[in-house]
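Written out below as structure tokens is the structure these notes cover.
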Amino acid sequence: MGDFNHGHIQWTSLQSTGREDQEFLNLVQDSFLSQHVLEATRGENVLDIVLSSQKEFVDNVKICEPLGCSDHNQIHFIIKVKGERNRKIRYRRNFHKGRYKDMREYLAKIDWNNTLKNKTATECWNILKSEIDCVVDKFVPLKKQGNGQRRNTYRRKPLEKSSTSK
């Protein structure tokens with residue numbers, strides 16, 4: 001949505017007279033976009049437009065009076081979206097259930113003197129980090145991550161009580 005300043009495009013017939021306007025119209029059509037504003041927004045021109053990838057995403061487009069000192073009319077419209085979110089299951093490490101004794105035993109079996117011998121500090125760090133990552137992958141289980149919304153359980157109980165007592 002916005003002021004695109006392509007006033008020579010006839011959006012109802014998809015015709016244009018100017019070269020830049022025709023290029024913009026071609027871009028809109030090649031991108032399979034729908035333009036929803038069909039009435040003039042400044043003078044006799046449709047300069048302010050609303051584009052969407054699907055015609056049914058935008059509804060109830062109304063051209064209203066300009067706001068303040070603007071010479072462009074306001075555009076009011078409704079964007080229709082579904083309330084459901086695409087929930088992607090995410091996992092994270094459950095360090096509370098990590099098998100730390102097994103981790104220590106695994107790391108103790110590594111001959112660190114030979115592994116890190118004649119290495120630079122950066123190389124030593126990379127080797128150590130790699131081994132720690134390996135141990136964590138092996139001995140710390142994954143768990144599903146929540147959706148980030150915590151329940152206010154301390155508030156729910158009194159509310160449930162008060163609503164049932166009426």
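Residues 1 to 166 (full-length UniProt numbering) make up the sequence shown, in order.
Backbone N, C-alpha and C fix where the C-beta goes; we use that ideal spot for every residue, glycine too.
Residue 36 and residue 50: beta carbons closer than 7 Å?
yes
Any chance the stretch 55-64 sits against the stretch 26-44, with 3 or more Cβ pairs inside 8 Å?
Flag = yes, the stretch 55-64 and the stretch 26-44 touch.
Measuring CB to CB, does residue 45 end up less than 7 Å from residue 18?
no
Quick one: complete alpha helix (DSSP H) runs, 4+ long, within the stretch 51-122?
Look at the stretch 51-122 and you find these whole runs of alpha helix (DSSP H), each 4 residues long or longer: 100-108, 112-116.
From residue 142 to residue 29, what does the alpha carbon distance come to, in whole angstroms?
47 Å
Could you compute how far the alpha carbon of residue 40 sits from the alpha carbon of residue 81?
26 Å
Quick check: is any heavy atom of the ligand ZN less than 6 Å from the C-beta of residue 31?
In terms of ligand content, the structure shown is empty, and the ligand ZN therefore cannot be addressed.
DSSP three-state label for residue 14, please.
Correct three-state label for residue 14: coil.
Got a sec? Which residues, its chain only, sit under 8 Å from residue 154 by beta carbon, not counting five neighbours each side?
A caution first: residue 154 carries a pLDDT of 48, below 50, which makes its placement in the model too unreliable to give a value.
Judging by CA-CA distance, which residue of 5, 1, 38 is the nearest neighbour of residue 14?
38
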